[in-house]
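Inspection log for the structure reproduced underneath, given as structure tokens.
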Amino acid sequence: MSVDVKKISREGDWLEQSIIVLKGIGEKMLERFARRSLYTLNDLLFHLPIKYQDKTRIVPISSLRIGDSALVKGELIQCKTHFLRRAVLTCEINDGSGVISLRFFHFNKQQAAGLARALEQGKWLKCFGEIKRGRQSLEITHPEYRIVDQDQTIQVEETLTPIYPTTEGLSQLALRNAIRQVIEHLKQQVQQIETQPPNELVQDFLPPLIREDLQLPPLPEALIYLHAPPPDCPVFELIEGNDPYRQSLVFEELLAHQLSMKRAYQRQTQHYAYPLTKSTQSYSTEFLKQLPFQLTGAQSRVVADIASDISRSHPMQRLVQGDVGSGKTVVAALAALYTIENRFQAALMAPTELLAEQHRDNFQHWLEPLGLNVAWLSGKSKARQRKEALLSIADGSAQLIVGTHALFQDEVEFHQLGLVIIDEQHRFGVHQRLSLIQKGKKIHIDAEPQSNSNSKIKKDHQLKKVFYPHQLIMTATPIPRTLAMTAYADLDCSIIDELPPGRTPVETVVLSEQRRDDILQRVHQACLSGRQAYWVCTLIDESEVLQCQAAEQTYELLCRQLSDLPIGLVHGRMKPDEKKAVMQSFKRGEILLLIATTVIEVGVDVPNASLMIIENAERLGLSQLHQLRGRVGRGSQSSVCVLMYGSPLSKNGKARLMTLRETNDGFEVARKDLALRGPGEVLGTRQTGLAEMKIADIIRDQHLIPEVNALAQTLINDYPEVVEPIINRWIGKKMDYQNV
Ligand code: ADP
Ligand code: MG
Numbered sequence: 001m002s003v004d005v006k007k008i009s010r011e012g013d014w015l016e017q018s019i020i021v022l023k024g025i026g027e028k029m030l031e032r033f034a035r036r037s038l039y040t041l042n043d044l045l046f047h048l049p050i051k052y053q054d055k056t057r058i059v060p061i062s063s064l065r066i067g068d069s070a071l072v073k074g075e076l077i078q079c080k081t082h083f084l085r086r087a088v089l090t091c092e093i094n095d096g097s098g099v100i101s102l103r104f105f106h107f108n109k110q111q112a113a114g115l116a117r118a119l120e121q122g123k124w125l126k127c128f129g130e131i132k133r134g135r136q137s138l139e140i141t142h143p144e145y146r147i148v149d150q151d152q153t154i155q156v157e158e159t160l161t162p163i164y165p166t167t168e169g170l171s172q173l174a175l176r177n178a179i180r181q182v183i184e185h186l187k188q189q190v191q192q193i194e195t196q197p198p199n200e201l202v203q204d205f206l207p208p209l210i211r212e213d214l215q216l217p218p219l220p221e222a223l224i225y226l227h228a229p230p231p232d233c234p235v236f237e238l239i240e241g242n243d244p245y246r247q248s249l250v251f252e253e254l255l256a257h258q259l260s261m262k263r264a265y266q267r268q269t270q271h272y273a274y275p276l277t278k279s280t281q282s283y284s285t286e287f288l289k290q291l292p293f294q295l296t297g298a299q300s301r302v303v304a305d306i307a308s309d310i311s312r313s314h315p316m317q318r319l320v321q322g323d324v325g326s327g328k329t330v331v332a333a334l335a336a337l338y339t340i341e342n343r344f345q346a347a348l349m350a351p352t353e354l355l356a357e358q359h360r361d362n363f364q365h366w367l368e369p370l371g372l373n374v375a376w377l378s379g380k381s382k383a384r385q386r387k388e389a390l391l392s393i394a395d396g397s398a399q400l401i402v403g404t405h406a407l408f409q410d411e412v413e414f415h416q417l418g419l420v421i422i423d424e425q426h427r428f429g430v431h432q433r434l435s436l437i438q439k440g441k442k443i444h445i446d447a448e449p450q451s452n453s454n455s456k457i458k459k460d461h462q463l464k465k466v467f468y469p470h471q472l473i474m475t476a477t478p479i480p481r482t483l484a485m486t487a488y489a490d491l492d493c494s495i496i497d498e499l500p501p502g503r504t505p506v507e508t509v510v511l512s513e514q515r516r517d518d519i520l521q522r523v524h525q526a527c528l529s530g531r532q533a534y535w536v537c538t539l540i541d542e543s544e545v546l547q548c549q550a551a552e553q554t555y556e557l558l559c560r561q562l563s564d565l566p567i568g569l570v571h572g573r574m575k576p577d578e579k580k581a582v583m584q585s586f587k588r589g590e591i592l593l594l595i596a597t598t599v600i601e602v603g604v605d606v607p608n609a610s611l612m613i614i615e616n617a618e619r620l621g622l623s624q625l626h627q628l629r630g631r632v633g634r635g636s637q638s639s640v641c642v643l644m645y646g647s648p649l650s651k652n653g654k655a656r657l658m659t660l661r662e663t664n665d666g667f668e669v670a671r672k673d674l675a676l677r678g679p680g681e682v683l684g685t686r687q688t689g690l691a692e693m694k695i696a697d698i699i700r701d702q703h704l705i706p707e708v709n710a711l712a713q714t715l716i717n718d719y720p721e722v723v724e725p726i727i728n729r730w731i732g733k734k735m736d737y738q739n740v
């Protein structure tokens, strides 16, 4: 009998008790559990296994499958130690049905020798580990093992062994031991209080009608099942994450995220914004007149969405998704002009210097003929220019402000910011977006308070109104609809699903580096016949310095090899003036071949360029390659993109290159990218919340999303009191989107 007097109290909200009430948990453990934000019994209960090990049965060696983790028992038939860089001990065990090898690596001879003495031929071994393909037979590296008697009935576990997400210093054993106590307690309670609805034990925030309607099992039952799966449960389903209990909790977790984002959205809609309506001074009409083309149907539709949003007295929160080259910039320009017509400023923020510069040039070209001023702010602006820009932003003489992250620095003070436009949002964190919006915040005091209010507090409330700018967010990473429902639940979405007319799709060719000379000849001929080309240098290393060096070297090499061509070089470490000069002479057609780093990935727009070579394309991600490729195919002539790869080409690398060869469609590319890299990577920092879900997997579980989405709305409308508890349970207070 344990002398430990610790006990879980049954009184009150038992799940709110500290985990210190559990056996085996003292001050030191408390601190370790805290590293995973596990403080209360409730936290433990919702700390769900990420996978399971099956130690419930001994598997005959002949029926083992590669990739499974399994328990085997057999006789040691040989044991050898050899020395590579480390000592390696290999032994084989035979259970009558087959033979499997076990391999142990050691740093020194003594350890290996010690183990070799223990593992004598003829002894029987029980071991557990992941089955891999070995050189001659199947093998397990570093199995858990125990020496047993041949005839001894082997003790196996009664249930699947849960594997929990853990962290350094916090062992599976400690977690399992703690969680088992909570589950045991919960089981007892369920049995004892049979007369009471089990929902009382772990508070179920979902209204009973809804749970029944969706056929979700009772919460305590699902939790017990997942932490301690019964011996007869369908093992395979559980391991694959497809069983109904797990799915019901996945459903709740997705729901919590959806609620959190929808609530953030709703809070914004309760803010005020200045309505921007049609005005007599119509810059936008003039702008459209001078454009050398007509808007596409999709562009007009999205512009109409925006116009309707900003005419309301709540801030717009609209995301425009459109593939590379779909013409998002013109849409942004129109939104900016509507704002300026209403005597407000618009600010456009872009993630890279080069893209911001392109926008600045474009917008100057479009807006200055209308008598409007464009201010420019970047981290690299010189002190004097910066001062001038800041002044024109503060006194309102600049109507449009273009820049990089420099826009939300402290010294920047807007005169009247009506609209914030963010290009390529996946490159920014949500913090950066929100800090720009905070900058545009204006507190408006009503001159004539309503006289009929008698409470002072109420009066103060009415006096003060906070106004926020409208927000327009643009992205060239279009994602499938169900995913957008989750990832962008805090935004309204419009899609530009049509490319400007007259584009010919880019033909993509995948070639080995060994064909470099051929490629060089082709580029040479194409340029001599008046076409323009990009030559993009990549590096695995993210370091900008190294990337630029690589581009410089390629530049020198190509200058020598193609000495009769005008060649230019652009990379991120050049001075802004130099960069600008090179880009402009490329635009004017004076430079025919432009050597570049991936800085040209976003935004660069030179319609005459129709050839792109990407060196070591296998090093880049799918969406990055798609973006790069989007730099060509902007004019009317047919374009080619050559993806050059170095060998060996990994399986994943090959999959990426083949996808690009097969499709030009950004949605298709995004779908593939999600499958290969997962949502956390693809959607960028903004979506860390989604990437860190406990048990839901947004790709595997996307079939649940439409239902989750609908239910989230129902809860917000009809059961607002459960919203907060559900968010807190799954996301916790600190991760909630409202606080970022
Ligand atoms: P992205 O959506 O990738 O930001 P851009 O706004 O840079 O695309 O537009 C790509 C190119 O298409 C630019 O040269 C732009 O002038 C041109 N463009 C945009 N809209 C149209 C249109 N409706 N008709 C013809 N060309 C257009
Ligand atoms: Mg763009």
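For the sequence shown, the working numbering assigns the number 1 to the initial residue and increments by one for each residue that follows. Just so it is clear, CB atoms sit at the ideal spot from N, CA and C, and this is done for glycine as well. Predicted model only: the values in this text are computed from it and were never measured.
When you compare only the Cα positions, how much space is there between residue i and residue j?
i	j	result
Gly24	Pro706	43 Å
Val148	Thr40	40 Å
Gln370	Ala389	The identity of residue 370 in the sequence shown is Leu, whereas the question assumes Gln. Approximately 19 Å, taken between the alpha carbons.
Gln150	Val88	26 Å
Ser636	Arg360	25 Å
Glu368	Ala346	15 Å
Gln321	Leu483	13 Å
Ile695	Arg246	8 Å
Val374	Ser638	35 Å
Asn728	Pro679	23 Å
Pro648	Ala609	31 Å
Leu291	Phe46	57 Å
Gly403	Leu138	59 Å
Pro478	Asn652	21 Å
I'd like to confirm something about residue i: is its beta-carbon nearer than 7 Å to some heavy atom of the ligand MG, or not?
i	result
Thr508	no
Asp361	no
Asp811	No answer is possible for residue 811: the residues shown for the chain start at 1 and end at 740.
Asp423	yes
For residue i, is the beta carbon positioned less than 7 Å from some heavy atom of the ligand ADP?
i	result
Ser623	no
Pro478	no
Val632	no
Val330	yes
Phe293	yes
Pro351	no
Gly325	yes
Gln416	no
Gly440	no
Gly666	no
Gly297	no
Gly322	yes
Pro369	no
Pro725	no
Asp305	no
So does residue i have its beta carbon nearer than 7 Å to some heavy atom of the ligand ZN?
i	result
Pro505	What this structure holds is the ligand ADP and the ligand MG, not the ligand ZN.
Of all Cβ atoms in chain E, is any one closer than 8 Å to the Cβ of residue i?
i	result
Asn664	In the structure shown, chain E does not exist; there is a single protein chain.
> Residue ranges of each beta strand (DSSP E) run of no fewer than 3 residues wholly in the region 467-526, ordered along the chain?
Replying inline: 470-475, 492-496, 507-512
> Would you call the region 332-344 and the region 416-424 touching, i.e. three or more CB-CB distances under 8 Å?
Replying inline: yes
>> Within 8 Å, do at least three Cβ pairs link the region 291-304 to the region 349-359?
In response: no
> Can you give, in chain order, each stretch of the alpha helix (DSSP H) that sits fully within the region 96-152 and has at least 4 residues?
Replying inline: List check, alpha helix (DSSP H) in window: 109-118.
> Could you give the uninterrupted runs of the beta strand (DSSP E) lying entirely in the region 273-298, keeping only those of 3 residues or more?
Replying inline: none
>> What ranges does the beta strand (DSSP E) occupy inside the region 550-613, keeping only unbroken runs of at least 3 residues that lie completely in it?
In response: 567-570, 593-596
> Are at least three pairs of beta-carbons, each pair with one atom in the region 174-182 and one in the region 100-108, less than 8 Å apart?
Replying inline: No: the two stretches stay apart, fewer than three of their Cβ pairs being nearer than 8 Å.
>> Using 8 Å as the cut-off, can you tell me whether the region 72-81 makes contact with the region 108-121, which would need three or more C-beta pairs spanning the two stretches below that distance?
In response: As far as the Cβ criterion goes, the region 72-81 touches the region 108-121, which means the pair count is three or higher.
>> Below 8 Å, how does it come out for the region 207-215 and the region 57-75: are there three or more Cβ pairs, yes or no?
In response: no
> Are the region 387-402 and the region 249-261 touching, with three or more C-beta to C-beta distances below 8 Å?
Replying inline: no
> Hey, is the region 151-162 in contact with the region 20-39, meaning 3+ C-beta pairs nearer than 8 Å?
Replying inline: no
> Which residue spans inside the region 325-384 form an unbroken alpha helix (DSSP H) run of at least 4?
Replying inline: Segments of the alpha helix (DSSP H) lying fully in the region 325-384: 328-341, 353-367.
> Any contact of the region 508-522 with the region 308-319, i.e. 3+ C-beta pairs under 8 Å?
Replying inline: no
> Okay, do the region 485-492 and the region 615-623 touch, 3+ Cβ pairs below 8 Å being the bar?
Replying inline: With fewer than three CB-CB distances shorter than 8 Å, the region 485-492 does not count as touching the region 615-623.
>> Just to confirm the assignment: which complete beta strand (DSSP E) runs, minimum length 3, are found wholly within the region 147-190?
In response: 161-163
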